[in-house]
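Notes follow once the structure below has been shown.
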Amino acid sequence: MDRKIIRARLLSFLREPDSPEDTGSFRYLEDGGLLIEAGRIVAMDDFARLDADQAQVIDHRPHLVMPGFIDTHLHFPQTQVIASWAAELLDWLNDYTFPEETRYSDPALCATMAARFLDRLTDHGTTTAVAYASVHAASAEALFAEGFRRDMRLITGKVLMDRNAPDGLRDTAQSGYDDSKALIARWHGRGRLGYAITPRFAITSTPAQMEAAQALAAEHPDCHIQTHLSENHAEIALSCQLYPEAADYTDIYARYGLLRAGSLLGHAIHLSDREIGALAEAGATPVFCPTSNLFLGSGLFDDARLRAAGLRNAIATDIGGGTSYSLLATLAEGYKVLQLQRQRLHPYRAFHWITRGNACALGLEGQIGTLDAGTEADLVVLDARATPAMAQRMERARGLMDELFTLQVMGDDRAVVQTYVAGRGVKAGPK
Ligand code: GUN
Ligand code: ZN
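In the numbering used here, each residue's number is its place in the sequence shown (first place is 1) plus 200.
What follows is the structure in structure tokens.
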């Protein structure tokens, strides 16, 4: 039996912290041990209390181990459009992103890029992703196959888009439905994989395709749904023009039965009170994508306003509108976006968000996002002294909160010493 103990400082959240003083919201063990068997956590305890008999002990002291990070919105075929020069969203899509995504009709390219994509995620400490594939079934197929091979918890789906996109990057209402059905039958619930029904956004789907997405959603109530909502003013205006019968942008998705628990709405920036109320009533999840919202000049996500309406927001990188795979870098930009609105993102809440918080948003808190016994052994090992600048800052650190805030503000993949997926160390390199 494969039995190992990870020895380190351990941090795992029990609930969302409500303030920087809320030290009861997490478990922190100075000399902790995680007993792992068959890819699952069997126990989290003080190292001295664990039975190390016949276990391989991996000593990560003095580093900090927490659950692997969860990225709730990013795009598999956009790893090579990061840092593309565009004025705003629709130019960026038409000039760079759509042409790039046409390349993913090639299954061989998809297979190569799927491996590189998942390497980039785990390099950055991300162990679960909710990713858009391209319109091509082959792209979702390749990503599922690679995720399965690595035993990763991964949610993806082929994008549905049948208009306002170039040749080679459109399906039809029927083919999109058929391809999605086949992918769901083949992959949903297999290993640690799940399917997300993925109408890209209202602009690129005809009403007929929205009806097909509605049918898929109704036929597969346990699938996630992902789309984009209210990211940019030109996008909102065009969406409302294309669906004149809808009361507003959010109502387009509501009319097609696409808002429910498990619906992930990327961006959700420029919303009216009516729209926020509709999202809350449906139990849908807005996704904060700070690096992307800043890079494309889309706007400031109003986390407090959405939360006050009862919404549970997720957070994500949105590669490749987003500029970093790192959820640490994402937290840093998120902190600044909220600062501009006189909202604060304290480090306990920040690290809860990218672990247990995003797991809750996905309905997966029983499987991932904590170090609780019985959950899947997806872990990240963090070094808050990874760079000279971080080490120098840490000379003045007064405890866990300072350490976490250093990681939140200064961290990236260099702070990720190792990443474990289902109990296996997967990060290559000298550390
Ligand atoms: N809206 C529709 N497609 C996309 C995309 O790929 N990225 C972003 N940021 N917004 C979108
Ligand atoms: Zn996106």
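For glycine and all other residues, C-beta sits at the position ideal for the given N, C-alpha and C.
Assigned exposure category for residue i - 16 Cβ within 10 Å defines buried
| i | result |
| --- | --- |
| Ser472 | exposed |
| Phe298 | buried |
| Arg350 | buried |
| Ala417 | buried |
| Ala437 | exposed |
| Thr312 | exposed |
| Arg392 | buried |
| Asp503 | buried |
| Glu221 | exposed |
| Ile206 | buried |
| Ile403 | buried |
| Asp202 | exposed |
| Pro444 | exposed |
| Ala238 | exposed |
| Arg544 | exposed |
| Ala482 | buried |
| Ser219 | exposed |
| Gln618 | buried |
| Gln426 | buried |
| Glu431 | buried |
| Gly389 | exposed |
Residue j beta carbon less than 8 Å from that of residue i
| i | j | result |
| --- | --- | --- |
| Leu234 | Ser225 | no |
| Arg537 | Ala516 | The sequence shown places Val at residue 537, rather than the Arg named in the question. Not in contact: Val537 and Ala516 (Cβ atoms no closer than 8 Å). |
| Ala608 | Leu540 | In the sequence as displayed, the identity of residue 608 is Gln instead of Ala. No, Cβ-Cβ distance for Gln608 and Leu540 is not below 8 Å. |
| His171 | Val581 | Lying outside 201 to 631, the shown extent of the chain, residue 171 is not represented and no answer is given. |
| Ala550 | Asp612 | no |
| Thr485 | Leu464 | yes |
| Ala333 | Phe276 | yes |
| Thr372 | Val626 | no |
| Ala315 | Glu341 | no |
| Gly368 | Ile397 | no |
| Ser492 | Asp451 | no |
| Arg400 | His433 | no |
| Tyr548 | Thr326 | no |
| Ile282 | Thr523 | yes |
| Gly268 | Phe247 | no |
| Ile241 | Asp448 | no |
| Gly520 | Thr302 | no |
| Arg249 | Glu230 | no |
| Leu289 | Leu494 | no |
| Val330 | Leu562 | yes |
| Gln567 | Arg353 | yes |
| Gly466 | His336 | no |
Where the beta strand (DSSP E) through residue i begins and ends
| i | result |
| --- | --- |
| Gly632 | Because residue 632 is not part of the residues shown, which for the chain are 201 to 631, the question remains open. |
| Thr587 | From DSSP, Thr587 is part of no beta strand (DSSP E); its letter is neither H nor E. |
| Pro486 | 485-488 |
| Phe605 | Element bounds for Phe605: not the beta strand (DSSP E) but the alpha helix (DSSP H), 600-610. |
| Arg207 | 203-213 |
| Leu369 | It is not in any beta strand (DSSP E) - Leu369 carries neither H nor E in the DSSP assignment. |
| Pro262 | 256-267 |
Segment limits, alpha helix (DSSP H) that includes residue i
| i | result |
| --- | --- |
| Asp323 | 307-323 |
| Ile355 | Segment 353-357 is the beta strand (DSSP E) holding Ile355; no alpha helix (DSSP H) there. |
| Phe348 | 337-350 |
| Pro399 | Looking at the DSSP string, Pro399 is not in any alpha helix (DSSP H); the run it does join, the beta strand (DSSP E), is 393-399. |
| Asp231 | First-last for Asp231: 226-237, but that is the beta strand (DSSP E), not the alpha helix (DSSP H). |
| Leu479 | 473-482 |
| Met410 | 407-419 |
Suppose only complete runs of 4+ residues qualify. What are the alpha helix (DSSP H) ranges in the stretch 500-575, listed by chain order?
Runs of the alpha helix (DSSP H) inside the stretch 500-575: 503-508, 527-539, 547-552, 558-562.
* Validate contact between the stretch 445-461 and the stretch 407-422 using beta carbons, cut 8 Å, 3 pairs -> yes
Given 8 Å, three or more beta-carbon pairs between the stretch 255-274 and the stretch 581-595: Using a C-beta cut-off of 8 Å, the stretch 255-274 makes contact with the stretch 581-595, since at least three inter-stretch Cβ pairs fall below that distance.
Mind the definition here: the stretch 242-259 touches the stretch 600-607 only if three or more C-beta pairs lie below 8 Å; say whether that holds. no
message = For a minimum of 4 consecutive residues, which ranges assigned as the alpha helix (DSSP H) are wholly contained in the stretch 426-452?
response = 433-442, all fully within the stretch 426-452.
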